[in-house]
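Asker:
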Amino acid sequence: MKVLITGGAGFIGSNFVLYMIKNYPDYQIINVDALTYAGNLENLRSIEHHPNYRFVKADIADRTALEPLFAEGLDAVINFAAESHVDRSILQPDIFVRTNILGTQTLLELSKQAGLKKFVQVSTDEVYGTLGETGLFTEETPLAPNSPYSASKAGADLLVRAYHETFGLPVKITRCSNNYGPFQFPEKLIPLMIQNALQDKALPVYGDGLNVRDWLYVEDHCSAIDLVLHKGRDGEVYNVGGSNERNNIQVVQTILRELGKPETLITYVKDRLGHDRRYAIDADKIRRELGWSPKYVYESGMKETIQWYLNNKEWMDQVVSGSYQHYYTVQYKDR
Ligand code: NAD
């Protein structure tokens, strides 16, 4: 198979590229990434010379740049590329619309013209909006996104659906809960808190810290996408989640405990605008239909993750230099 993976230099995309090269060494993998602040080729250093791996720097909204790749004859496209951070979507929504919606539509159009046989859209549970204290998101839950990020991902999902309904493009959509693990950019909760705790800096927790997320170790997300790619039914949505609900304070406490740091580092800051209260996933469909099950529970995944950041301080030092410092200052000013 010749597989085009977009956003393969980001957090989940790079974990997925490494997973594919390990599990399907005969596949040809083309990684297309624009290398925004979130893209980091360091993540792929171990496979950069693999004979079946190729990196192409390109924007998914740039049709002209992508055309030659589709002309080579692809078997599958897996679209990870996105602007992915809710806080940044509040500061600058326009880039989210361009990459997440227009970029996805560009890939869909090229896929349609090429007669592509497999298109997987990597989406998020955030498109469903927010839950009260009980209940789970199923694939039938109506889309009700609340942030510019989730609205742009929902817009992309609807275009993916439309290309299936209108043109018969063989698409599948995955909607996964919050991921954590190696190579995650330190603007996201878990690496941010690890990084700050290691430096004895304040750990900024939004609002009352009781917002709940369902946490999934990134490798388990990769195995779910693998199954959807190979065995998923066309036109279907598959929710992916680990049934590991934790509120933000619990996550921060786990990190402090593992690192032997005091809870006095926790600092409550003004809540995120439109902050969704709770996400929780019903992943019964992918478990039942495709036989997926996660390998990690929250405790083992967190231990693995914290150890990875301890072993890879140089990676962290490299990504937190330069433009990240500017973002951090703007995001947490007055707090
Ligand atoms: P990330 O921000 O770490 O990586 C995104 C990657 O996309 C980066 O390498 C970036 O350079 C690239 N990119 C951005 N704009 C691009 C463009 N216009 N053209 C080409 N490449 C571009 O994101 P992530 O956390 O790895 O998320 C990957 C995907 O998974 C996203 O689609 C996201 O919505 C989805 N998702 C993420 C989570 C999560 O918890 N992180 C959960 C569910 C779904």
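Numbering (my numbering), first residue to last: 322 to 656. For glycine and all other residues, C-beta sits at the position ideal for the given N, C-alpha and C.
Quick check on this structure: which residue in E625, M514, K634 and W629 has the alpha carbon closest to the alpha carbon of I587?
Answerer: Ranking E625, M514, K634 and W629 by Cα distance to I587 puts M514 first.
Asker: Mapping DSSP to helix, strand and coil, what is Y538?
Answerer: strand
Asker: So, do the region 550-569 and the region 349-358 have three or more beta carbon pairs nearer to each other than 8 Å?
Answerer: Taking 8 Å as the limit for Cβ pairs, the verdict is that the region 349-358 does not touch the region 550-569.
Asker: If you draw a straight line from the C-alpha of S544 to the C-alpha of W613, how long is it?
Answerer: 8 Å
Asker: Starting from F440, follow the beta strand (DSSP E) in both directions and report where the run begins and ends.
Answerer: K439 to T445
Asker: Measure the C-alpha to C-alpha separation of F417 and P525 and round it to an integer number of angstroms.
Answerer: 25 Å
Asker: Taking 9 Å as the threshold (C-beta atoms), are R482 and Y559 in contact?
Answerer: Their beta carbons are not under 9 Å apart, which means Y559 does not touch R482 by this criterion.
Asker: Residues in the same chain with beta-carbon distance under 8 Å from P583, minus the five sequence neighbours each way, listed in chain order, please.
Answerer: Taken in chain order, the residues that qualify are L577.
Asker: Would you say the beta carbon of R578 comes nearer than 8 Å to a heavy atom of the ligand NAD?
Answerer: no
Asker: List the whole-angstrom C-beta distance separating K438 from P491, where the pair is believed to meet the contact cut-off of C-beta under 8 Å.
Answerer: 6 Å
Asker: Within the same chain, show all residues whose beta-carbon is closer than 6 Å to that of V407, passing over the 5 residues directly before and after it, in chain order.
Answerer: The answer, listed in chain order, is S468 and Y470.
Asker: My output table needs one value for K474: the three-state DSSP class, helix, strand or coil.
Answerer: DSSP places K474 within a helical segment (H, G or I) once states are collapsed to three.
Asker: Which residue from I368, N400 and P372 puts its Cα closest to that of A382?
Answerer: N400
Asker: Report yes if the C-beta of H596 is less than 8 Å from at least one heavy atom of the ligand NAD; otherwise report no.
Answerer: no
Asker: Kindly identify the DSSP beta-bridge partner or partners of K378.
Answerer: D354
Asker: Touching or not, the region 413-431 and the region 452-460, by the rule of three or more beta carbon pairs under 8 Å?
Answerer: no
Asker: Anyone know if the C-beta pair for Y527 and H596 falls short of 9 Å?
Answerer: yes
Asker: Kindly list the residues whose CB is nearer than 8 Å to the CB of R375, restricted to its own chain and excluding five residues on each side of it in sequence; keep chain order.
Answerer: Excluding residues within five positions, the ones whose Cβ falls inside 8 Å are Q349, I350, I351 and N352.
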